[in-house]
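Participant: Residue numbers (my numbering): 5 to 297. Once you've had a glance at the structure underneath, I'll fire off some questions.
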Amino acid sequence: MLNAVAFGDRHSIKMISAGRLVIRHIKSTESSQDILEELDARGAVIIDSLVPESVTSKIKDELRPYLDACPEGVNNFSGESTKRVGALMARSVSCRDLALNPLINELCSKFLEDFTDGYQLNFTQAIEISPSETNQPLHRDRGVWGGYLSRKIETQFSTVWAISSFSEANGATCVVPGSHKWDKDREATEKEVVFAEMSPGSVLLYGGSILHGGGANTTKNEKRLAVLIHYSLSWLRQEENQYLSCPPDVAAELPDDLRSLMGYSLVNPILGFFSPHNKKGVELVSPKHLFDE
Ligand SMILES: O=C(O)CCC(=O)C(=O)O
Ligand SMILES: [Fe+2]
Numbered sequence: 005m006l007n008a009v010a011f012g013d014r015h016s017i018k019m020i021s022a023g024r025l026v027i028r029h030i031k032s033t034e035s036s037q038d039i040l041e042e043l044d045a046r047g048a049v050i051i052d053s054l055v056p057e058s059v060t061s062k063i064k065d066e067l068r069p070y071l072d073a074c075p076e077g078v079n080n081f082s083g084e085s086t087k088r089v090g091a092l093m094a095r096s097v098s099c100r101d102l103a104l105n106p107l108i109n110e111l112c113s114k115f116l117e118d119f120t121d122g123y124q125l126n127f128t129q130a131i132e133i134s135p136s137e138t139n140q141p142l143h144r145d146r147g148v149w150g151g152y153l154s155r156k157i158e159t160q161f162s163t164v165w166a167i168s169s170f171s172e173a174n175g176a177t178c179v180v181p182g183s184h185k186w187d188k189d190r191e192a193t194e195k196e197v198v199f200a201e202m203s204p205g206s207v208l209l210y211g212g213s214i215l216h217g218g219g220a221n222t223t224k225n226e227k228r229l230a231v232l233i234h235y236s237l238s239w240l241r242q243e244e245n246q247y248l249s250c251p252p253d254v255a256a257e258l259p260d261d262l263r264s265l266m267g268y269s270l271v272n273p274i275l276g277f278f279s280p281h282n283k284k285g286v287e288l289v290s291p292k293h294l295f296d297e
């Protein structure tokens with residue numbers, strides 16, 4: 005069950021986001037330690053312009069056919085004026101580079117290192133929010149694993165890449181700074197919600213325990229496009245099934261490090277082995293066996 009807390013009209017939120025509660029914008033040249041300290045303190049941080057607009061415009065082109073063909077969501081969580089496209093490693097060459105971005109992977113590894121020997125790709129999704137969309141209920145992404153894991157265990161490292169610009173008006177992600185340390189039943193008030201406004205190529209980082217949600221789009225004709233790439237502890241079930249979204253014949257075309265990140269590898273040190281069903285005498289091998297020359 006997702007821990008969902010709805011909130012209503014947002015007329016007073018702008019004032020607050022200019023005040024005490026903020027998401028800090030950090031340059032990619034700052035040390036990873038500074039970025040992680042900010043992530044720990046407020047639960048979310050934005051790295052400005054981590055990739056250039058040439059990358060975000062390529063991503064727009066690569067995703068457009070899938071977005072055009074995609075139906076809108078069916079409820080207020082998926083968004084009735086929102087399109088969601090997955091399988092991004094199979095479908096978008098440029099999104100593969102986002103998933104492998106060296107700074108993101110360094111931060112992810114450090115952020116999760118107390119809880120796991122490794123991390124994996126958990127979820128990939130392009131989210132396009134159109135005019136007339138309302139706020140997605142605030143939630144914690146760790147909710148997909150139920151309430152079984154201790155809150156002391158961080159489940160994931162999440163990225164929301166701005167592919168279009170993100171503004172309060174067009175549906176920028178809403179975040180409740182500090183809520184990653186709240187009691188799980190505390191509800192956010194309107195004035196505790198801030199908007200992850202950012203330029204294309206910037207990226208919002210947060211963990212599994214922070215309250216957040218997609219924003220309302222009050223513009224006349226502006227769409228907000230994001231690419232979400234989430235990483236999780238390598239011993240948790242992946243939210244998006246990478247082996248079905250990107251099956252072995254497609255994964256064969258990908259770089260080895262990306263395949264490993266998707267789960268085509270052994271971790272911890274034996275999780276994920278298999279025995280090829282169509283061979284005799286080959287047992288308990290790493291998924292890497294599939295791609296051996
Ligand atoms: O679209 C966004 O900004 C956030 C979406 C989100 O948090 C989700 O679908 O879990
Ligand atoms: Fe979410």
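Cβ atoms here follow ideal geometry from the backbone N, Cα and C, with glycine treated the same way. Note that the structure is a prediction, hence the values are computed from the model and not measured.
Could you please go through the chain and list the residues whose beta-carbon is closer than 6 Å to any non-hydrogen atom of ligand 2?
Facilitator: 143, 145, 216
Participant: For residue 178, which residues does DSSP report across the bridge?
Facilitator: As a first step, residue 178 is located in the sequence shown; it is residue number 174 there, counting from the start. 199, 217.
Participant: Looking at residue 200 and residue 220, is the spacing between their C-beta atoms short of 8 Å?
Facilitator: On the sequence shown, position 216 is the one that residue 220 refers to. On the sequence shown, position 196 is the one that residue 200 refers to. 8 Å or more divides the Cβ of residue 220 from the Cβ of residue 200.
Participant: Have a look at 27, 208, 222 and flag the residue whose alpha-carbon is nearest the alpha-carbon of residue 137.
Facilitator: As a first step, residue 137 is located in the sequence shown; it is residue number 133 there, counting from the start. The shortest C-alpha to C-alpha distance from residue 137 to any of 27, 208, 222 is the one to 222.
Participant: So, helix, strand or coil for residue 121, using DSSP?
Facilitator: As a first step, residue 121 must be located in the sequence shown, where it is residue number 117. Here residue 121 sits in coil by DSSP.
Participant: Under 8 Å between the Cβ atoms of residue 227 and residue 134?
Facilitator: Position 223 of the sequence shown, counted from the first residue, corresponds to residue 227. Position 130 of the sequence shown, counted from the first residue, corresponds to residue 134. In contact: residue 227 and residue 134 (Cβ atoms closer than 8 Å).
Participant: If we count the other Cβ atoms within 10 Å of its Cβ and call it buried at 16 or more, is residue 254 buried or exposed?
Facilitator: Numbered from its first residue, the sequence shown carries residue 254 at position 250. So residue 254 counts as exposed.
Participant: Starting from the C-beta of residue 256, find all residues in its chain whose C-beta is less than 7 Å away, skip the five residues before and the five after it, and write them out in chain order.
Facilitator: For the purposes of this step, residue 256 is identified with residue 252 of the sequence shown, where counting begins at 1. Excluding residues within five positions, the ones whose Cβ falls inside 7 Å are 295.
Participant: Using 8 Å as the cut-off, can you tell me whether the region 114-129 makes contact with the region 86-104, which would need three or more C-beta pairs spanning the two stretches below that distance?
Facilitator: yes
Participant: Have a look at residue 286 and residue 270 and give me their C-alpha separation to the nearest angstrom.
Facilitator: Here residue 286 corresponds to residue number 282 of the sequence shown, with the count starting at 1. Here residue 270 corresponds to residue number 266 of the sequence shown, with the count starting at 1. Approximately 16 Å, taken between the alpha carbons.
Participant: Do we get a CB-CB distance below 8 Å when we pair residue 155 with the residues of chain D?
Facilitator: Of the chains in the structure shown, none is chain D; there is only one protein chain.
Participant: With respect to the beta strand (DSSP E) encompassing residue 30, which residues constitute its N-terminal and C-terminal limits?
Facilitator: Residue 30 sits at position 26 when you count from the first residue of the sequence shown. Residue 30 -> beta strand (DSSP E) spans 28-31.
Participant: Is it buried or exposed for residue 87, if we count other Cβ within 10 angstroms and need 16 for buried?
Facilitator: Locating residue 87 in the sequence shown gives position 83, where the first residue counts as 1. Counting the other Cβ atoms within 10 Å of the Cβ of residue 87 gives 16 or more, which makes it buried.
Participant: Verify whether the separation of the beta carbon atoms of residue 47 and residue 183 is less than 8 Å.
Facilitator: In the sequence shown, counting from the first residue as 1, residue 47 sits at position 43. In the sequence shown, counting from the first residue as 1, residue 183 sits at position 179. In this structure, residue 183 lies closer than 8 Å to residue 47 by Cβ.
Participant: Which term fits residue 18, buried or exposed, when burial requires 16 or more other beta carbons within 10 angstroms of its beta carbon?
Facilitator: By 1-based counting over the sequence shown, the position of residue 18 is 14. For residue 18, the pLDDT reaches just 38, beneath the cut-off of 50, and the residue's location in the model is therefore unreliable, leaving the point undetermined.
Participant: Hey, how far is the Cα of residue 122 from the Cα of residue 64?
Facilitator: Within the sequence shown, numbered from 1, the residue matching residue 122 stands at position 118. Within the sequence shown, numbered from 1, the residue matching residue 64 stands at position 60. Their Cα atoms are separated by approximately 31 Å.
Participant: My assumption, with CB atoms under 8 Å, is that residue 50 sits in contact with residue 208. Please give the rounded CB distance.
Facilitator: Locating residue 50 in the sequence shown gives position 46, where the first residue counts as 1. Locating residue 208 in the sequence shown gives position 204, where the first residue counts as 1. With 8 Å as the limit, residue 50 and residue 208 qualify as a contact, their Cβ atoms being about 5 Å apart.
Participant: Residue 3 by DSSP, collapsed to three states: which one?
Facilitator: The question about residue 3 has no answer here: the residues shown for the chain are numbered 5 through 297.
Participant: Between residue 43 and residue 159, is the Cβ-Cβ spacing less than 8 Å?
Facilitator: Position 39 of the sequence shown, counting from 1, holds the residue named residue 43. Position 155 of the sequence shown, counting from 1, holds the residue named residue 159. Contact: no.
Participant: Between which two residues does the alpha helix (DSSP H) harbouring residue 73 extend?
Facilitator: Your numbering for residue 73 matches position 69 in the sequence shown. Element bounds for residue 73: 57-73.
Participant: Rounded to the nearest angstrom, what separates residue 36 and residue 170 at their Cα positions?
Facilitator: Start at 1 with the first residue of the sequence shown, and residue 36 comes out as number 32. Start at 1 with the first residue of the sequence shown, and residue 170 comes out as number 166. For residue 36 and residue 170, the distance between alpha carbons rounds to 24 Å.
Participant: Flag residue 218 as yes when its Cβ comes closer than 7 Å to any non-hydrogen atom of ligand 1, and as no otherwise.
Facilitator: If you number the sequence shown from 1, residue 218 lands on position 214. True, at least one ligand heavy atom lies under 7 Å from that Cβ.
Participant: For residue 278, which residues from the same chain have a beta carbon less than 7 Å from its beta carbon, with the 5 sequence-adjacent residues on both sides left out?
Facilitator: Residue mapping note: residue 278 aligns to position 274 of the sequence shown, counting from 1. Same-chain partners within the cutoff: 289, 291.
Participant: Contact defined as beta carbons within less than 8 Å: I believe residue 235 pairs with residue 112. What is the distance between those atoms, to the nearest angstrom?
Facilitator: The residue labelled residue 235 in the question sits at position 231 within the sequence shown. The residue labelled residue 112 in the question sits at position 108 within the sequence shown. That belief holds up - the Cβ atoms of residue 235 and residue 112 are roughly 5 Å apart, short of 8 Å.
Participant: Which residue or residues does DSSP assign as beta-bridge partners of residue 278?
Facilitator: Mapped onto the sequence shown, residue 278 falls at position 274. Per DSSP, the beta bridge partners of residue 278 are 289.
Participant: So residue 213 and residue 146 are supposed to be a Cβ contact under 8 Å. How far apart are they, rounded?
Facilitator: The count along the sequence shown starts at 1 and reaches residue 213 at position 209. The count along the sequence shown starts at 1 and reaches residue 146 at position 142. Contact holds; Cβ gap of about 6 Å.
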